[in-house]
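The structure under discussion appears below in the form of structure tokens.
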Amino acid sequence: MSFKKKLGVGVISAALGLSFIGGGTYAYFS
581 MSFKKKLGVG VISAALGLSF IGGGTYAYFS
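Sequential numbering from 581 applies to the sequence shown in my numbering.
Here you go:
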């Protein structure tokens, strides 16, 4: 696995995790 591909997967998973956490907290508090 190349470094660039690993970096892309990390960025995508981080974005998904942040959006999931943000959406969950928003839905919880609203």
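C-beta atoms are modelled at their ideal positions from N, C-alpha and C, and glycine is treated no differently.
Where the alpha helix (DSSP H) containing residue i begins and where it ends
| i | result |
| --- | --- |
| serine 593 | 583 to 609 |
Contacts around residue i, its chain only, beta-carbon distance under 6 Å, and the 5 residues preceding and following it disregarded
| i | result |
| --- | --- |
| serine 593 | none |
Sequence-distant residues of the same chain with beta carbon closer than 7 Å to residue i, five excluded per side
| i | result |
| --- | --- |
| alanine 607 | none |
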